[in-house]
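Right, one structure below, let's go through it.
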């Protein structure tokens, strides 16, 4: 099955979900199949996985606006399928910047084996972006709070901490906090959207007060 002549089949979905191609290329293939998805009764059983994969690709491309428009185009009988509700719940969590909910839907929901590689690809990208935002907004943070943002274990053992320490963080053993490798001057030059950072700041405040 080729991406240059795509059809809605199990092989096509497996190919897309395991691909490392740029999301925009894969999204174009899905967009070209929307008419088939709407009109061909022979592909009905594959539509929940088709639209779930489509949503994950839009998440990878950080195009939440188009993801919301896509949900409006999905046939009503497909929207109620539990496979697709995972993607829709994830969309709501991403739009509201509810980090705990994002990880809940990514890690605790049941995803078809076909889609899991694409789910894992988005999870990795989301964690990388979140870590980068944290280092931009804060020079230090508690390991437990950082682990919550990264979807890592928050228990008293070191599993979550070990996963956080790396290129962007190091453990300052004396105060028991994670320190950003960026200096304040370097963080100020970081090219992240200030709107994202303000949202993250408000979420940190909320979690700290709970």
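In our numbering, the protein residues as written are 473 to 682.
By construction, the Cβ of each residue, glycine as well, lies at the ideal position given by its N, Cα and C atoms.
The structure presented is a predicted model; accordingly, all values stated were derived computationally and were not measured.
Roughly how far, in whole angstroms, is the beta-carbon of residue i from the beta-carbon of residue j, given that I think they are within contact range, below 8 Å?
| i | j | result |
| --- | --- | --- |
| residue 584 | residue 555 | 6 Å |
| residue 553 | residue 520 | 4 Å |
| residue 649 | residue 613 | 7 Å |
| residue 540 | residue 563 | 7 Å |
| residue 606 | residue 618 | 6 Å |
| residue 578 | residue 591 | 6 Å |
Is residue i near residue j, with beta carbons less than 8 Å apart?
| i | j | result |
| --- | --- | --- |
| residue 559 | residue 529 | no |
| residue 525 | residue 488 | yes |
| residue 546 | residue 523 | yes |
| residue 482 | residue 586 | yes |
| residue 597 | residue 623 | no |
| residue 551 | residue 593 | no |
| residue 620 | residue 572 | yes |
| residue 480 | residue 511 | no |
| residue 651 | residue 611 | yes |
Specify the secondary structure class of residue i as computed by DSSP and reduced to three states.
| i | result |
| --- | --- |
| residue 482 | helix |
| residue 525 | helix |
| residue 649 | strand |
| residue 585 | coil |
| residue 604 | helix |
| residue 663 | Low local confidence applies: a pLDDT of 49 at residue 663 is under 50, so the model's placement there is unreliable, with the coordinate-based value given in what follows. Coil. |
| residue 487 | helix |
| residue 657 | Summary for residue 657: the model assigns pLDDT 49, below 50, so the residue's position carries little reliability; its value from the coordinates is reported in the next sentence. Three-state result, residue 657: helix. |
> Curious, which full-length alpha helix (DSSP H) runs of at least 4 residues does the segment 536-599 contain?
Replying inline: 536-545, 548-551, 554-567 and 571-579
Three or more C-beta pairs below 8 Å linking the segment 531-538 and the segment 502-513: Contact between the segment 531-538 and the segment 502-513 is absent, because fewer than three Cβ pairs lie under 8 Å.
* Asked: Considering only residues of the segment 490-515, which uninterrupted beta strand (DSSP E) runs meet the minimum length of 3 residues and lie entirely inside it, listed in chain order?
  -> none
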